[in-house]
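Let me begin by presenting the structure, written as structure tokens, before commenting on it.
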């Protein structure tokens, strides 16, 4: 089967987990993993797996642009601000896993493919955003959310240097995502790092104030959305039935990771990489369909 070539910038936890997920993809062919430390565990694993590796950062892609059409950036928000300009100049489709927000916010359970097909860069918001924005969107489409607030609680051990360096960006970008992708009139986001040992699974609380309370419609919409997210994150669970009080809806979630590279408790990281792969696969399938379109047209003309 024909595939679209992809590369990863960033050989830390996120980039390494992406590598394992992309190895299973029917639509994406991982060609290269790019980092800045030749001794990093991610680059060593990539090299052992037979992928092309570079330890000179994005310069490796600049010197070998033919390696990939889709590029995942799993570095940091500040680094992606620079990378976004380079990738756009190279004509690459960038999937940004940092909170840099150089492109539109995308959550595969919420956005239709057509909303970002003409973009050169899409932003995966944050781990908390990928877990909670689908629920806010589900409530908003039937009840009109005036205010949406989320609290993402993650195991301290699952928060690497990149996550810790981007705490400010996390709250700002997630809030914007709640409003722009989730549809809430106003949003707020908080993150808590729990040092418990053994580490806890990712847990999220979603709180919404709505204009049009319809408990049955909200329950059904939430259930449909949970099923949609589970299609790419099987460990995504509704912990209990939604709580209703006056115009307020509260939803409790838990996310268990697939255990590809991260331990299963790191559902916060797993949902980011799984969502990024889903978005890139949707883009790749569309691109492959366009490539095949002339062939189909030719076959029709010869009949």
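Residue numbers (the UniProt record's numbering): 1 to 303.
We treat Cβ as the ideally placed atom computed from N, Cα and C, and that holds for glycine.
If you're wondering where the values come from, they're calculated on a predicted model, not measured in any experiment.
- Only residues of its own chain outside the window of five on either side were considered, and among them 134, 225, 228, 229 have a CB closer than 7 angstroms to the CB of residue 109, listed in chain order.
- The region 112 to 122 and the region 188 to 208 do not touch, with fewer than three beta-carbon pairs separated by less than 8 angstroms.
- Check the Cα spacing between residue 254 and each of 175, 204, 103, 261: the tightest is with 204.
- For residue 291, DSSP records no beta bridge to any residue.
- Look at residue 237 here: in three-state DSSP terms it is strand.
- In the three-state reduction of the DSSP assignment, residue 42 falls in the helix class.
- Setting aside the 5 residues that flank it on each side, residue 29 is surrounded in the same chain by 3, 5, each with a C-beta closer than 6 angstroms to its C-beta; the list follows chain order.
- No Cβ-Cβ contact shorter than 9 angstroms links residue 38 with residue 52.
- Residue 188 is bridged by DSSP to 149.
- Here residue 140 is near residue 184, since their CB atoms are less than 9 angstroms apart.
- Under the criterion of beta carbons closer than 8 angstroms, residue 201 and residue 129 do not qualify as touching, at roughly 18 angstroms.
- A straight-line Cα-Cα distance of about 17 angstroms links residue 243 and residue 144.
- Taking the C-beta atoms as reference points, residue 72 is found nearer than 9 angstroms to residue 94.
- A contact between stretches requires three or more CB pairs, one per stretch, nearer than 8 angstroms, and the region 173 to 184 meets this requirement with the region 96 to 111.
- The Cβ atoms of residue 86 and residue 125 do not sit closer than 9 angstroms to each other.
- Where residue 107 is concerned, there is no enclosing alpha helix (DSSP H), because DSSP gives it neither an H nor an E.
- The continuous alpha helix (DSSP H) containing residue 170 extends over residues 167 to 180.
- Boundaries around residue 9 are those of the beta strand (DSSP E), 4 to 9, since no alpha helix (DSSP H) includes it.
- Straight across, the Cα-Cα distance linking residue 156 with residue 262 is about 13 angstroms.
- Fewer than three pairs of CB atoms, one per stretch, sit closer than 8 angstroms, so the region 39 to 48 makes no contact with the region 274 to 293.
- Residues 5, 6, 7, 31 of the same chain have their beta carbon placed closer than 6 angstroms to that of residue 68, with the five preceding and five following residues left out of the count.
- Here residue 127 really is in contact with residue 272; their C-beta atoms are around 5 angstroms apart, less than 8 angstroms.
- The criterion of a C-beta distance shorter than 9 angstroms is not satisfied by residue 182 and residue 112.
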